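Peer 1:
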Amino acid sequence: MGTTTEQHRLADEDATLALGADLARRLKPGACVYLRGDLGAGKTTLVRGLLRALGHQGAVKSPTYTLVEPYETGGVPIYHFDLYRLGDPEELEMIGIRDYFDGRALCLLEWPERGRGMIPAPDLTVTLAVEGRGRHANLEWAHGQH
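Residue numbering for the sequence shown follows numbering that gives the first Met the number 0, beginning at 0 and increasing consecutively.
1) Give me the Cα-Cα distance between G114 and A10, rounded to the nearest whole angstrom.
2) My output table needs one value for L26: the three-state DSSP class, helix, strand or coil.
3) On the criterion of 16 or more Cβ atoms from any shown chain inside 10 Å, does Y70 qualify as buried, or is it exposed?
4) Count the other C-beta atoms from every protein chain shown that fall within 10 angstroms of the C-beta of L38, then say buried if there are 16 or more, exposed otherwise.
5) Thinking C-beta only, is L34 closer than 8 Å to V125?
6) In the DSSP assignment, what residue or residues form a beta bridge with Q6?
7) CB P121 to CB A141, shorter than 8 Å?
8) State yes or no: is the C-beta of D87 within less than 8 Å of the C-beta of S61?
9) Specify, as a first and last residue, the run of the alpha helix (DSSP H) that L45 falls within.
10) Given L20, which residues of its chain have a CB within under 6 Å of its CB, disregarding the five upstream and five downstream residues?
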């Protein structure tokens, strides 16, 4: 199965928010998105831009302690996961992880490698890296997903 890759230079936070908004237009309900990058790389900022573009008005915070933060926009459930503090992927069974991937919800996962074996393969992997004062984003789409 092939992939398509895109590169984006993000000069500032506004550019990261704009990329999130662009992804909101391109992702379909049921998609699974892996968000990779070091702490402070802009993963939650990207999610904030995506959620705002879909009509979410409230705060968007990283669900570091709760593992998952649910949202709903336009009748589409969106689940923002942060698996950073996950001790063992088996812990995801306790929160009913499989129920979130029902084909209707858009699932956004920070630190997906910590859930290995318990989460589905991604439709899109976004890797963010600090680059000077800005960020670099590498988007890798599973074939046929963009």
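Backbone N, C-alpha and C define an ideal beta-carbon position, used for all residues, glycine too. Note that the coordinates shown come from a computational prediction; the quantities given were computed from them, not determined experimentally.
Peer 2: Quick answer:
1) 31 Å
2) coil
3) buried
4) exposed
5) yes
6) N137
7) yes
8) no
9) 42–52
10) Looking at the sequence provided, one finds Ala at residue 20 rather than Leu. So the qualifying residues of the chain are G48, A52.
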